[in-house]
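Following: one structure in structure tokens, then a few remarks.
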Amino acid sequence: MSDENINPEELTREIEGTIDDLFNPEKTVEIDPLTNKVKEEGPPAEEPGAEPAAPAEDAGGAGAVPEPEPAPAAEAGTGGLELDLELELDLDLEEPAAPAAEAAPAGPAPAAEEPPRNALLDALGAMEQSFLSLDWEISDANLSAARENVARLQEALSTAGDADAIAITRAMDAMLDVLQSAPEKAPPGAPKALNGATATLRTLIASRPESQETRRQLIEGAITQLKAAGGEPAQPAPEAPVADPGLAAFFEEESRPPEPAAPSVEPSPGPAEAGLELELEPEPGSAPPGPPPEPERPEAPSPEPAASPAPPPPAMDREEAASEVQKILQEEIKALDRWARRLRPIEALLAKTPGLEKLHRFQAELRADLEARSTRLKGVFSAAAMVAVDDIDLGALAATAAAEAATPCPWDRLVYCHWQGIAACFPEAEVAYAGPPPKRARRALKKAEMLPLEKMRKGRFSSFKGIFAGPINELSPDQMKKLSLPIFDNPLVPEDVELPEDTEDHLLVLYSPEHGGAAVVVDGPPRPVEDTSGLGWTPAREGERGPAGRIELQGQVCPVFSVAALLEADLAETEAA
1 MSDENINPEE LTREIEGTID DLFNPEKTVE IDPLTNKVKE EGPPAEEPGA
51 EPAAPAEDAG GAGAVPEPEP APAAEAGTGG LELDLELELD LDLEEPAAPA
101 AEAAPAGPAP AAEEPPRNAL LDALGAMEQS FLSLDWEISD ANLSAARENV
151 ARLQEALSTA GDADAIAITR AMDAMLDVLQ SAPEKAPPGA PKALNGATAT
201 LRTLIASRPE SQETRRQLIE GAITQLKAAG GEPAQPAPEA PVADPGLAAF
251 FEEESRPPEP AAPSVEPSPG PAEAGLELEL EPEPGSAPPG PPPEPERPEA
301 PSPEPAASPA PPPPAMDREE AASEVQKILQ EEIKALDRWA RRLRPIEALL
351 AKTPGLEKLH RFQAELRADL EARSTRLKGV FSAAAMVAVD DIDLGALAAT
401 AAAEAATPCP WDRLVYCHWQ GIAACFPEAE VAYAGPPPKR ARRALKKAEM
451 LPLEKMRKGR FSSFKGIFAG PINELSPDQM KKLSLPIFDN PLVPEDVELP
501 EDTEDHLLVL YSPEHGGAAV VVDGPPRPVE DTSGLGWTPA REGERGPAGR
551 IELQGQVCPV FSVAALLEAD LAETEAA
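Counting along the sequence shown from 1, when you hit position 435 you're at 435 in full-length UniProt numbering, and nothing is skipped either side.
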């Protein structure tokens with residue numbers, strides 16, 4: 001059929017009829033649930049009263065083919081119209097979303113997170129983690145990691161142009177420098193101050209307070225907290241200017257050394273009195289200056305009445321004074337003994353607890369010092385030793401005290417160590433051997449009371465050459481084989497105190513040609529004291545057993561044990577038993 005014979009209306013009806021045939025079922029199939037037989041039924045009858053659907057207009061508008069006359073509902077059918085309605089409804093439901101999006105006012109697009117701020121937050125998080133590690137353990141590795149993270153954050157702040165917050169990172173680095181120089185003396189509030197300054201930095205970076213006054217208060221508070229915890233903030237670098245002038249003034253004031261106080265100057269006499277003439281140029285618009293007024297002279301303060309002298313103490317005769325002094329000394333001796341007794345059970349408990357060796361040593365030294373002072377007072381100021389005040393020669397007493405204060409230590413060089421928990425010194429000239437006990441001597445040191453020198457050799461047929469130092473080498477090998485030295489315990493340590501067992505035992509063999517020898521087992525390797533001339537020396541009092549005297553070393557009173565003093569104390573104890 002040629003294009004000239006095509007009727008548009010007829011073609012439209014054919015298309016609609018074909019569509020109706022596709023969507024209108026000619027027959028239906030039903031399966032009987034009882035017999036399972038298939039039944040064919042005709043097309044469903046139209047419901048009575050149903051109105052045919054009206055043809056809908058195409059939503060597209062210009063692209064649709066107009067119909068000159070609407071087809072009857074009975075002839076055209078309803079399938080095509082229903083399809084058109086469904087398509088139009090779907091289009092109506094989907095199309096409003098696009099215009100709504102287009103109709104929305106175009107506001108400013110949300111700014112993407114700036115890369116510098118991301119770097120700041122990452123560096124801040126890494127620094128917080130390192131500070132948490134410091135809160136757990138202040139070690140050199142943790143301090144180095146913390147300083148690296150602080151430097152990383154400081155570089156990120158410099159890149160972001162936040163010069164105000166850099167002051168806090170400098171203060172943090174200064175505190176970490178203090179901690180790294182002496183970790184064992186770390187201030188207890190250092191980790192808390194670092195965490196507080198980190199919180200301030202997070203507020204400045206995340207919240208970004210706009211008020212310069214608020215920023216200044218936050219930064220000043222963080223730096224003040226770091227200063228109070230023991231860290232001194234570093235000086236600001238000249239190439240990093242501070243954005244806020246108030247902050248710059250604050251840091252300049254903090255870093256400026258205190259100005260010396262101006263000396264108080266009395267008001268000088270006026271020009272007329274000094275015979276000088278001052279020519280002052282008057283300011284424009286001001287009255288000509290008259291004669292300079294005389295400066296006001298401060299009135300001399302009226303002298304305050306002198307305070308009445310304190311009433312003299314009531315008169316006391318010499319015997320009564322001596323009795324009062326003796327009573328006070330007896331009370332002091334009782335107090336010393338009481339505190340020494342209270343420290344003994346604590347010392348025994350610390351000796352049994354692993355990990356508290358230093359505290360046990362401190363308690364033992366404290367208790368031994370109290371007992372030594374009590375013994376000294378008992379020997380010097382006992383009731384039998386008290387004499388009448390009339391018989392005391394004050395000049396001789398002062399001379400004796402001055403002589404004792406000026407007495408130098410009998411030995412130029414000493415060795416310092418801890419002996420059964422108490423600091424002790426020995427004359428270096430008497431130390432013949434200092435080191436770990438040889439294998440053959442360990443059993444004798446644990447179970448015997450004497451140490452045969454032949455146990456110091458590596459083997460039974462070995463020589464003594466190179467083992468000892470000092471005058472003991474003047475003995476012949478036969479004399480050394482026969483010589484046995486007594487093994488001493490610290491006479492200042494009570495017998496009922498349990499000693500720590502996890503110490504690094506070192507053996508000291510002491511020998512003096514005039515007195516003999518002795519062996520002691522100390523708690524570690526001894527350290528030399530090369531010069532005793534500037535140290536205060538106090539000889540042992542008469543009747544005191546144990547040390548030859550005491551010396552002031554490193555802020556503590558340290559007993560000095562010589563061979564003669566040890567042997568004399570052992571002899572006195574044997575005679576007393």
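Using N, Cα and C, we set each Cβ at its ideal position, and we do this for glycine too.
Taking residue 486 as the reference, which of 517, 122 and 215 has the closest Cα? Position 486 of the sequence shown, counted from the first residue, corresponds to residue 486. Looking at the Cα atoms, 517 is the closest of the given residues.
For residue 140, which residues of its own chain have a beta-carbon under 8 Å away from its beta-carbon, when the five flanking residues on both sides are left out? As a position in the sequence shown, residue 140 is number 140, starting the count at 1. Taken in chain order, the residues that qualify are 180 and 183.
Would you please state the rounded distance, in angstroms, between the beta carbons of residue 431 and residue 343? I believe it to be under 8 Å. Position 431 of the sequence shown holds residue 431. Position 343 of the sequence shown holds residue 343. Not quite, the Cβ-Cβ distance comes to about 31 Å (not below 8 Å), so this is no contact.
Leaving aside the five residues before and after residue 566 along the sequence, list all residues of the same chain whose C-beta is less than 7 Å from its C-beta, in chain order. Locating residue 566 in the sequence shown gives position 566, counting from the first residue. Closer than 7 Å at the Cβ level, and outside the excluded window around residue 566, lie 488 and 518.
With a threshold of 8 Å, are at least 3 pairs of Cβ atoms found where one atom belongs to the region 532–550 and the other to the region 429–443? no
Between the CA atoms of residue 195 and residue 520 - distance to the nearest angstrom: In the sequence shown, the residue the question calls residue 520 occupies position 520. In the sequence shown, the residue the question calls residue 195 occupies position 195. Going from the Cα of residue 520 to the Cα of residue 195 covers about 51 Å.
Three-state class that DSSP yields for residue 466 in the structure shown: Locating residue 466 in the sequence shown gives position 466, where the first residue counts as 1. Here residue 466 sits in coil by DSSP.
Let's test the definition: count the other Cβ atoms within 10 Å of the Cβ of residue 374 and tell me whether it reaches 16, buried, or not, exposed. The residue you call residue 374 lines up with position 374 of the sequence shown. Residue burial annotation: residue 374 is buried, with at least 16 other C-beta atoms found within 10 angstroms of its C-beta.
Classification of residue 164 by the beta-carbon crowding that lies within 10 angstroms, buried from 16 upward: Taking the sequence shown and counting its residues from 1, the one referred to as residue 164 is at position 164. Residue 164 should be labelled buried.
Can at least three beta-carbon pairs, one atom from the region 408–417 and one from the region 355–364, be found at a separation below 8 Å? no
Contacting residues, own chain, Cβ-Cβ under 7 Å from residue 201 (five flanking each side not counted): Residue 201 sits at position 201 when you count from the first residue of the sequence shown. If you ignore the 5 residues before and after residue 201, its C-beta comes within less than 7 Å of the C-beta of 124, 165 and 168, all in its own chain and listed in chain order.
Just curious, the alpha helix (DSSP H) that residue 153 is in, first and last residue? Position 153 of the sequence shown, counted from the start, is the residue given in the question as residue 153. Per DSSP, the continuous alpha helix (DSSP H) segment holding residue 153 begins and ends at 140–160.
So, under 8 Å CB-CB, residue 190 and residue 229 are touching, yes? Tell me the CB distance rounded to an integer number of Å. Translated into positions along the sequence shown, residue 190 becomes position 190. Translated into positions along the sequence shown, residue 229 becomes position 229. Their Cβ separation, rounded to whole angstroms, is 5 Å, which keeps residue 190 and residue 229 in contact under 8 Å.
Are the CB atoms of residue 160 and residue 121 nearer to each other than 8 Å? Indexing the sequence shown from 1 puts residue 160 at position 160. Indexing the sequence shown from 1 puts residue 121 at position 121. Not in contact: residue 160 and residue 121 (Cβ atoms no closer than 8 Å).
Starting from the Cα of residue 226, find the closest Cα among 186, 435, 504 and 171 and give me that residue. Numbered from its first residue, the sequence shown carries residue 226 at position 226. Out of 186, 435, 504 and 171, 171 has the C-alpha closest to the C-alpha of residue 226.
By alpha-carbon positions, which one of 376, 178 and 185 ends up nearest to residue 541? Along the sequence shown, one-based indexing puts residue 541 at 541. Ranked by Cα distance from residue 541, the first of 376, 178 and 185 is 376.
Under 8 Å by Cβ, that's how I've got residue 549 and residue 537 pegged, so tell me the actual separation to the nearest angstrom. Translated into positions along the sequence shown, residue 549 becomes position 549. Translated into positions along the sequence shown, residue 537 becomes position 537. The Cβ separation is near 6 Å, so the contact holds.
Test item: CB-CB of residue 441 and residue 507 under 8 Å: To locate residue 441, count along the sequence shown from 1; it is residue 441. To locate residue 507, count along the sequence shown from 1; it is residue 507. Yes, they are a contact pair.
Is it a yes or a no for the region 550–562 touching the region 421–428, going by three-plus beta-carbon pairs under 8 Å? yes
Which residues share a DSSP beta bridge with residue 450? Taking the sequence shown and counting its residues from 1, the one referred to as residue 450 is at position 450. Beta-bridge pairing links residue 450 to 486.
Which word fits residue 341, buried or exposed, when buried means at least 16 other C-beta atoms lie within 10 angstroms of its C-beta? Counted from its first residue, the sequence shown places residue 341 at position 341. Looking at its Cβ environment, which holds fewer than 16 other Cβ atoms inside 10 Å, residue 341 is exposed.
Measuring only the C-alpha atoms, how far is residue 515 from residue 564? Here the question's residue 515 lines up with position 515 in the sequence shown. Here the question's residue 564 lines up with position 564 in the sequence shown. Each residue's Cα considered, the two are about 6 Å apart.
Please check the pair residue 149 and residue 130, which I expect to be a contact at CB under 8 Å, by giving their CB distance rounded to whole angstroms. As a first step, residue 149 is located in the sequence shown; it is residue number 149 there, counting from the start. As a first step, residue 130 is located in the sequence shown; it is residue number 130 there, counting from the start. With 8 Å as the limit, residue 149 and residue 130 qualify as a contact, their Cβ atoms being about 5 Å apart.
Output needed for residue 10: all residues of its chain with C-beta closer than 7 Å, excluding positions within five of it in sequence on either side, in chain order. What you label residue 10 is simply residue 10 of the sequence shown in a count that begins at 1. Nothing meets the Cβ criterion.
Are the CB atoms of residue 353 and residue 539 within a distance shorter than 8 Å? The residue labelled residue 539 in the question sits at position 539 within the sequence shown. The residue labelled residue 353 in the question sits at position 353 within the sequence shown. Going by C-beta atoms, residue 539 is not nearer than 8 Å to residue 353.
Beta-carbon within less than 8 Å of residue 173's beta-carbon, same chain only, minus the 5 sequence neighbours each way: which residues are those? Here residue 173 refers to the residue found at position 173 when the sequence shown is read from its first residue. Counting only Cβ-Cβ distances below 8 Å, and skipping sequence neighbours, we find 147, 150, 151, 154 and 234.
Could you have a look at residue 578 and say whether DSSP puts it in helix, strand or coil? Lying before the first or after the last residue shown, residue 578 is absent from the chain, which here runs from 1 to 577.
Just to confirm the assignment, what range does the alpha helix (DSSP H) spanning residue 191 have? Here residue 191 refers to the residue found at position 191 of the sequence shown. Run containing residue 191: 190–202, per the alpha helix (DSSP H) assignment.
What number of angstroms, rounded off, separates the C-alpha of residue 185 from the C-alpha of residue 464? As a working note, residue 185 is residue 185 in the sequence shown. As a working note, residue 464 is residue 464 in the sequence shown. Taking the straight line joining both Cα atoms gives about 46 Å.
Contact check, residue 176 vs residue 204, beta carbons under 8 Å: As a working mapping, residue 176 is identified with position 176 in the sequence shown. As a working mapping, residue 204 is identified with position 204 in the sequence shown. No; because the gap between Cβ atoms is not below 8 Å, this pair is not in contact.
For a test of the three-state rule: what should DSSP assign to residue 181, helix, strand or coil? Start at 1 with the first residue of the sequence shown, and residue 181 comes out as number 181. Residue 181: helix per DSSP, three-state reduction.
Considering only residues of the same chain and omitting the five flanking positions on each side of residue 569, which have a CB-CB separation below 8 Å? As a working mapping, residue 569 is identified with position 569 in the sequence shown. These residues qualify, in order along the chain: 491, 545 and 546.
Residue 512, DSSP secondary structure in three states: The residue you call residue 512 lines up with position 512 of the sequence shown. Strand, per DSSP.
Can you name, in chain order, every residue of its own chain whose Cβ lies under 7 Å from the Cβ of residue 513, other than the five neighbours on each side? On the sequence shown, residue 513 is found 513 positions in, with the first residue counted as 1. The answer, listed in chain order, is 471.
For residue 538, the residue or residues it bridges with in DSSP: Locating residue 538 in the sequence shown gives position 538, where the first residue counts as 1. Per DSSP, 550.
Rounded to the nearest angstrom, what separates residue 416 and residue 556 at their Cα positions? Walking along the sequence shown from the start, residue 416 turns up at place 416. Walking along the sequence shown from the start, residue 556 turns up at place 556. Rounded to the nearest angstrom, the two C-alpha atoms are 12 Å apart.
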